[in-house]
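Please read the structure below before turning to the comments.
Numbering (UniProt numbering), first residue to last: 1 to 708.
Here it is in structure tokens:
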């Protein structure tokens with residue numbers, strides 16, 4: 001037993017993400033200065049804030065390296081993923097403009113990835129020849145565990161050209177041609193989710209996905225053949241299709257063995273129920289880009305036909321149906337026909353979020369208030385939050401939770417004023433909907449409520465309304481016209497509402513640009529109300545709703561996706577539930593959805609649609625939102641009007657409860673206390689046990705300030 005540490009010694013200890021170990025503060029300062037002076041070549045008097053950040057990052061990475069190296073002896077290059085550039089909206093967001101001090105280039109493990117070419121059939125089997133080669137260069141980022149002395153690696157891939165500069169072309173003035181090969185190769189990892197509304201975009205998307213698969217698969221096989229992996233351990237990775245595991249001769253014994261290995265090695269998970277989200281590639285595109293793989297896909301299809309009497313179809317290759325024929329386990333939703341064929345292979349796992357990032361890191365005030373009541377063990381065992389149910393009527397705890405929420409709102413209000421130049425009332429109800437912009441997410445339903453509330457304020461300016469700040473954030477796919485029009489509508493509504501002196505600070509509408517994790521870490525702790533309003537039966541699960549619940553926001557939502565399980569945990573009386581259930585949607589589909597019926601019957605809805613049609617929110621372009629109106633009136637697959645009336649009434653209940661801060665906070669506490677099920681620790685443990693046959697370890701090291 002070592003002696004207890006003095007308070008002075010404890011203050012000198014440094015902890016990085018719960019890694020055990022004691023560092024002398026003086027030594028860390030020396031390391032910081034060394035990186036500033038020698039790694040970055042900067043003097044303190046001229047260093048910028050970014051230089052200080054990079055020096056600090058290098059210092060912290062040094063702290064992790066010892067655990068990282070020892071971890072790699074067992075889990076070397078674990079969990080490979082892809083690094084792609086970023087351009088979601090109309091302006092590119094260059095993630096790597098200033099470099100990334102956390103990642104380590106590993107050019108010694110660069111791998112070739114082949115495209116195009118042709119297939120030759122020889123006596124030894126089929127050969128893929130005359131291909132174009134792109135190099136996949138790995139970058140490793142350390143990912144520390146929580147108090148387990150393990151630092152795993154996230155492997156990221158960047159596309160490089162084998163010959164990135166043609167000096168001959170350059171010397172004769174062909175400057176563009178000299179770097180053409182490099183640019184074509186690097187396009188693969190230049191932009192995340194490129195527009196695929198045209199052939200070149202579709203081809204680039206398929207290139208990106210195959211690039212990740214091919215590089216990852218080669219890397220796994222290389223490591224599998226080394227002595228660092230046991231031959232019986234299943235390997236978990238995140239790609240969908242695995243056809244290039246099957247060797248060249250489909251009917252040879254080695255082919256049958258490879259098929260057996262493929263099925264036993266791979267599992268498949270699906271997290272969407274929308275048909276358009278299930279990728280389908282034209283056969284002629286695969287035939288051109290990956291000719292040998294198309295032959296193997298045909299062989300997989302034939303094997304499945306022999307077993308089931310059904311097939312994958314012709315004309316298009318569905319990337320989400322292919323794995324159904326080649327997996328030992330399938331998790332998620334959809335694929336009823338495959339379930340009926342092999343029900344024993346299907347499982348369901350409730351999604352989860354990590355409490356370390358989505359509570360302890362982003363909401364330290366709330367994490368501390370919770371720890372004062374039930375201790376810190378909940379951080380790695382989120383089910384312990386149920387202990388908070390005994391504090392629902394504790395006046396001191398109610399005050400503490402409300403105080404933390406108000407502090408978070410004040411911080412976010414200051415952030416909005418600084419970054420968006422928008423002043424909001426921090427005492428207003430923060431009504432938040434942040435997620436991908438899509439028709440099924442029904443940001444349009446939120447917009448209709450905002451306009452309805454605006455009209456009510458204008459009609460009765462002297463009436464008291466609960467102040468409300470509506471914030472909508474998210475990104476639209478580059479080729480998704482309707483999603484981009486929804487964003488334009490949100491901003492147009494904000495331009496009118498936010499500048500109307502009659503409304504004042506009773507209603508504000510803000511579109512949160514460039515929604516991302518770092519912004520989510522600010523807005524989620526400040527949220528009062530979480531909007532989860534997709535049409536029942538369209539959301540597979542979702543995790544944003546869980547983050548809001550854990551951080552003390554109440555949910556208004558349909559019985560869709562994870563909302564169902566969240567309501568079961570917290571009790572429907574602690575949720576604002578509205579709208580059709582799945583069975584109601586099915587009945588409406590059978591009867592036939594007619595938007596005109598709701599338009600004629602509900603005066604407030606009719607007024608809103610007339611405002612959109614007349615250009616009230618776009619006076620310079622009166623027809624700007626005609627596509628939205630036409631969609632809502634004539635071909636709305638997600639039935640916005642059908643839930644409008646119930647949604648408006650439910651929002652009135654929200655406002656009524658918000659006028660009673662004590663009861664509101666008591667409901668918040670109940671939601672926090674029952675959010676333990678939605679920890680990613682539980683999800684991952686279920687995957688480990690039920691799919692990969694691994695028993696997870698819950699061993700945890702003491703914190704650095706605890707006596708070991």
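Glycine residues also receive a C-beta, built at the ideal position from the N, C-alpha and C atoms.
Short Cβ contact (8 Å threshold) for residue i with residue j
i           : j           : result
residue 206 : residue 281 : yes
residue 503 : residue 440 : no
residue 170 : residue 178 : yes
residue 588 : residue 639 : yes
residue 517 : residue 493 : no
residue 487 : residue 476 : yes
residue 432 : residue 531 : yes
residue 126 : residue 110 : no
residue 374 : residue 443 : no
residue 576 : residue 602 : no
residue 300 : residue 680 : no
residue 139 : residue 104 : yes
residue 563 : residue 671 : no
residue 541 : residue 271 : yes
residue 422 : residue 473 : no
residue 295 : residue 119 : yes
Exposed unless 16 or more other CB atoms sit within 10 angstroms - verdict on residue i
i           : result
residue 697 : exposed
residue 528 : buried
residue 600 : exposed
residue 157 : buried
residue 305 : exposed
residue 675 : buried
residue 748 : In the structure as shown, the chain begins at 1 and stops at 708. Residue 748 is therefore absent and cannot be evaluated.
residue 261 : exposed
residue 695 : exposed
residue 651 : buried
residue 547 : buried
residue 173 : exposed
residue 669 : buried
Reduced DSSP secondary structure (H/G/I, E/B, other) of residue i
i           : result
residue 278 : coil
residue 346 : strand
residue 226 : coil
residue 219 : helix
residue 688 : helix
residue 188 : helix
residue 133 : strand
residue 241 : Note on residue 241: pLDDT 40, under 50, position unreliable in the model; the coordinate value appears next. Coil at residue 241, not helix or strand.
residue 417 : helix
residue 29  : helix
residue 509 : strand
residue 723 : Only positions 1 to 708 of the chain appear in the structure, and residue 723 is not among them; the question remains open.
residue 284 : helix
residue 429 : strand
residue 463 : coil
residue 524 : helix
residue 468 : strand
residue 207 : helix
residue 353 : strand
residue 541 : coil
residue 697 : coil
residue 618 : coil
residue 679 : strand
residue 58  : helix
Opposing strand residues paired with residue i [DSSP bridges]
i           : result
residue 412 : Paired residue(s): none; residue 412 is not in a bridge.
residue 531 : 556
residue 577 : 557
residue 128 : 119
residue 111 : 136
residue 473 : 434, 512
residue 160 : 135
residue 104 : 140
Is the stretch 685–694 touching the stretch 384–402, taking contact as three or more C-beta pairs under 8 Å?
-> Using a C-beta cut-off of 8 Å, the stretch 685–694 makes no contact with the stretch 384–402, since fewer than three inter-stretch Cβ pairs fall below that distance.
Please confirm if the stretch 647–659 is in contact with the stretch 585–594, defined as three or more CB-CB distances below 8 Å between the two stretches.
-> With a cut-off of 8 Å on Cβ pairs, the stretch 647–659 is not in contact with the stretch 585–594, counting fewer than three such pairs.
Any 3 or more C-beta pairs closer than 8 Å across the stretch 546–553 and the stretch 449–465 | With a cut-off of 8 Å, the stretch 449–465 and the stretch 546–553 do not count as touching, because too few Cβ pairs lie within range.
Could you say if the stretch 531–538 and the stretch 511–520 meet the contact criterion of at least three C-beta pairs nearer than 8 Å?
-> Taking 8 Å as the limit for Cβ pairs, the verdict is that the stretch 511–520 does not touch the stretch 531–538.
Is the stretch 98–113 touching the stretch 49–64 in the sense that three or more CB pairs, one from each, lie closer than 8 Å?
-> Enough Cβ pairs lie closer than 8 Å, so yes.
The stretch 285–301 contacting the stretch 200–217, beta-carbon criterion three pairs below 8 Å = Cβ pair count under 8 Å is three or more, so yes.
Touching or not, the stretch 180–195 and the stretch 207–222, by the rule of three or more beta carbon pairs under 8 Å?
-> Yes: at least three Cβ pairs fall under 8 Å.
Please determine if the stretch 679–686 and the stretch 342–351 are in contact, where contact requires at least 3 C-beta pairs separated by less than 8 Å.
-> With a cut-off of 8 Å on Cβ pairs, the stretch 679–686 is in contact with the stretch 342–351, counting three or more such pairs.
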